[in-house]
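Student: Have a look at this one.
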Amino acid sequence: MSGDKDLFDASGMLNTLAPLAERMRPRSLDEVVGQTQLLAPESLLRQAVESGNLPSIIFWGPPGCGKTTLARILAEGTGAAFVSFSAVLSGVAEVRKVISEARDRGRMTGQRTVLFVDEIHRFNKAQQDSFLPHVESGVIVLIGATTENPSFEVISALRSRCRVMTLEPLEAEQIQLLVQRALGDSKHGFGALKIAAEPEALRMIAEASHGDARVALNALEVVASSKLPLRDGSPLIDVKAAAAALAGEGARRYDKSGDEHYNVISAFIKSMRGSDPDAALYYLARMIDAGEDPLFIARRLLIFASEDVGLADPYALPIANAVAQAVHMLGMPEGRIPLAHATVHLACAPKSNSAYAGLNSALADVGQHGALEVPLHLRNAPTSLMKELGYHDGYRYAHDFDGGQVEQQHLPERLKNKRYFRPKEIGYERRIKERLEEWSKQRQRPKKDEPNK
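As numbered in the working numbering, residues 1380 to 1832 make up the sequence shown, in order.
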């Protein structure tokens, strides 16, 4: 962990070249704000610091939640040497050098080495493989940090040798506490400047950070460096000053190709499925705000209209299709309006997955039984040979019978009387169910031997 000497110049004065976020980095587990699920008194991390026995770890969490800080504190707390590099800037050659130095350090001094790899998901499989023998032998304690889901981005062999720990984005109240701490800290923050701040201004900075402490502290540094109004002779960060410094701030915790992309679209679909238009509109707004491809959203609405609404509202699919065409024609930002139209309609529509469930059931039988023979009477017979083989023989043309209903087997013999479509008592599908039941009754009534003339 970098010592205070890195933050001060030769005269002992605060090195203002170091960013505020770096100067205010916590120096012990007790100074860490948030991540209470990982830092409870009997937690693995606290026990590791107390025992000096630190396992290899993968920290998974959004930017600015404390991954690097925790790695540094753990290394210092266990008396290990801390070596840090970024997977963006370093390669296997640097890894080999670090491993060699770690081996020499352990042999000569007995000190362990914590190798911190930021953005470890950016290493490819071969590069991640290079850590395995050294983690296994204990030459290094690996702490990787990633914003991406380790299940997909970290090889299984490396995950099995590390403890995966999930870090949560910081709450606005927690970030506001960090901002207040920086304003009052005379050694590392702005305490010597005696800056006052309106609570609402600090709240504004905290909320604009979207869970990222680094963003909040960087914003505070911008605000504190601007020309502030005075109140009772002291500089004041008021709402106006905070808003001016935050103008254009667009940080959003959303990656169109990353884990949060899938989290938000999943929440969007599940909110519509749960008939919650308010939540569905919120997640739609999240995607629009983050610049998600509107046609991607429109395609998901089309799928939802068939999969989840289905026959309970026969108008759902045409509306979703019309919206997809409208979005294609309009583009953004106007395309957000029909997207909201479809979102609300689908969220408020009756829901039935009976057609989708029926197809899945039929596909399961196709997979289990293969291509079963089509009954002979359902086959066309365009040639005399086919007629001689019995094709089309005995087929009963439904339109020739009362109500268009005729008792006749359509499924292969092995699946006789199998039901795939089971309509529900929901929306328009209730009428379909009633119709099918009436037709079934008609087919069971005594029938004439001959069709209608």
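Backbone N, C-alpha and C define an ideal beta-carbon position, used for all residues, glycine too.
Note that this is a predicted model, so its numbers are computed, not measured.
Quick one: using the 10 Å Cβ neighbour count with 16 as the cut-off for buried, is CYS1541 buried or exposed?
Tutor: With 16 or more Cβ atoms within 10 Å of its Cβ, CYS1541 is classed as buried.
Student: How big is the Cα-Cα spacing for SER1685 and HIS1500?
Tutor: 36 Å
Student: When you compare only the Cα positions, how much space is there between GLY1458 and GLN1490?
Tutor: 7 Å
Student: On the three-state DSSP scale, how would you describe VAL1518?
Tutor: coil
Student: Whether or not the segment 1745-1754 and the segment 1787-1798 are in contact is what I'm after, with contact meaning three or more pairs of Cβ atoms, one per stretch, closer than 8 Å; do they touch?
Tutor: yes
Student: Measuring straight from C-alpha to C-alpha, what distance separates THR1722 and GLY1440?
Tutor: When rounded, the distance between both Cα atoms is 30 Å.
Student: Decide if SER1650 is buried, meaning its Cβ has at least 16 other Cβ atoms within 10 Å, or exposed.
Tutor: buried
Student: Which class does SER1645 belong to by DSSP, given the choice of helix, strand or coil?
Tutor: helix
Student: Three Cβ pairs or more, each shorter than 8 Å: is that satisfied between the segment 1512-1519 and the segment 1550-1560?
Tutor: no
Student: Sort ARG1809, LYS1566, LEU1546 by Cα distance to LEU1690 and report the nearest one.
Tutor: ARG1809
Student: Report, in whole angstroms, the separation of the C-beta atoms of GLY1413 and GLY1445, which I expect to be a contact under 8 Å.
Tutor: 7 Å
Student: Could you check which residue in SER1604, GLU1713, LEU1718 has the C-alpha nearest to that of ALA1701?
Tutor: Here the closest residue by C-alpha is LEU1718.
Student: Could you give the distance in angstroms between the alpha-carbon of ALA1659 and the alpha-carbon of GLN1784?
Tutor: 43 Å
Student: What residue ranges within the segment 1398-1466 form continuous beta strand (DSSP E) runs of no fewer than 3 residues, ordered along the chain?
Tutor: 1436-1439, 1460-1465
Student: Helix, strand or coil: how does DSSP classify GLY1563 here?
Tutor: helix
Student: For ALA1598, name the three-state secondary structure that DSSP assigns.
Tutor: helix
Student: Tell whether a beta-carbon distance below 7 Å holds between LEU1537 and LEU1494.
Tutor: no
Student: Assuming ALA1621 contacts MET1583 (C-beta within less than 8 Å), just tell me the rounded distance between them.
Tutor: 5 Å
Student: Identify, in the order they occur along the chain, each residue of the same chain with its Cβ nearer than 6 Å to the Cβ of ALA1630, setting aside the five sequence neighbours on each side.
Tutor: Because the pLDDT of ALA1630 is 46, which lies under 50, any placement of that residue in the model is unreliable, and the number read from its coordinates should be weighed accordingly. Excluding positions up to five away in sequence, the list reads HIS1589, VAL1594.
Student: Can you give the Cα-Cα distance for ARG1814 and GLU1792, rounded to whole angstroms?
Tutor: 25 Å
Student: Where does GLY1783 sit, in a helix, a strand or coil, going by DSSP?
Tutor: For GLY1783, the three-state secondary structure derived from DSSP is helix.
Student: For ARG1665 and VAL1643, which I take to be in contact (beta-carbon distance under 8 Å), what is that distance rounded to the nearest angstrom?
Tutor: In this structure, ARG1665 and VAL1643 form a Cβ contact; the two beta carbons are roughly 5 Å apart against a cut-off of 8 Å.
Student: In three-state terms, what does DSSP make of PHE1495?
Tutor: strand
Student: Where does PRO1697 fall in DSSP's three states?
Tutor: It is helical.
Student: Mind checking LEU1433: buried by the 16 CB within 10 Å criterion, or exposed?
Tutor: buried
Student: Per DSSP, THR1525 forms a beta bridge with which residues?
Tutor: TRP1439
Student: To the nearest angstrom, report how far apart LEU1696 and LEU1681 are at their CA atoms.
Tutor: 6 Å
Student: DSSP on ALA1669, reduced to helix/strand/coil?
Tutor: In the structure shown, ALA1669 adopts coil according to DSSP, grouped into three states.
Student: Report, in whole angstroms, the separation of the C-beta atoms of VAL1428 and ALA1466, which I expect to be a contact under 8 Å.
Tutor: Their Cβ separation, rounded to whole angstroms, is 26 Å, which puts VAL1428 and ALA1466 out of contact at 8 Å.
Student: Taking 6 Å as the cut-off, is the beta-carbon of ALA1695 closer than that to any non-hydrogen atom of the ligand ADP?
Tutor: In the structure shown, the ligand ADP is absent, as is every other ligand, since no ligand is present at all.
Student: Give the single residue among GLU1498, HIS1640, SER1740 whose Cα lies nearest to the Cα of ARG1801.
Tutor: SER1740
Student: Count the other CB atoms, across all protein chains shown, that sit within 10 Å of the CB of ASN1759; report buried if there are 16 or more and exposed otherwise.
Tutor: exposed
Student: Can you tell me whether DSSP reads ALA1719 as helix, strand or coil?
Tutor: helix
Student: In terms of alpha-carbon separation, which member of GLU1817, GLY1568, ARG1475, LEU1609 lies closest to VAL1601?
Tutor: GLY1568
Student: Step through the CB atoms of chain D and report whether any lies within less than 7 Å of the CB of VAL1496.
Tutor: In the displayed structure, chain D is absent; only one protein chain is listed.
Student: For the alpha helix (DSSP H) that LEU1738 lies in, which residues bound it at each end?
Tutor: Annotation for LEU1738: the continuous alpha helix (DSSP H) segment containing it runs 1733-1748.
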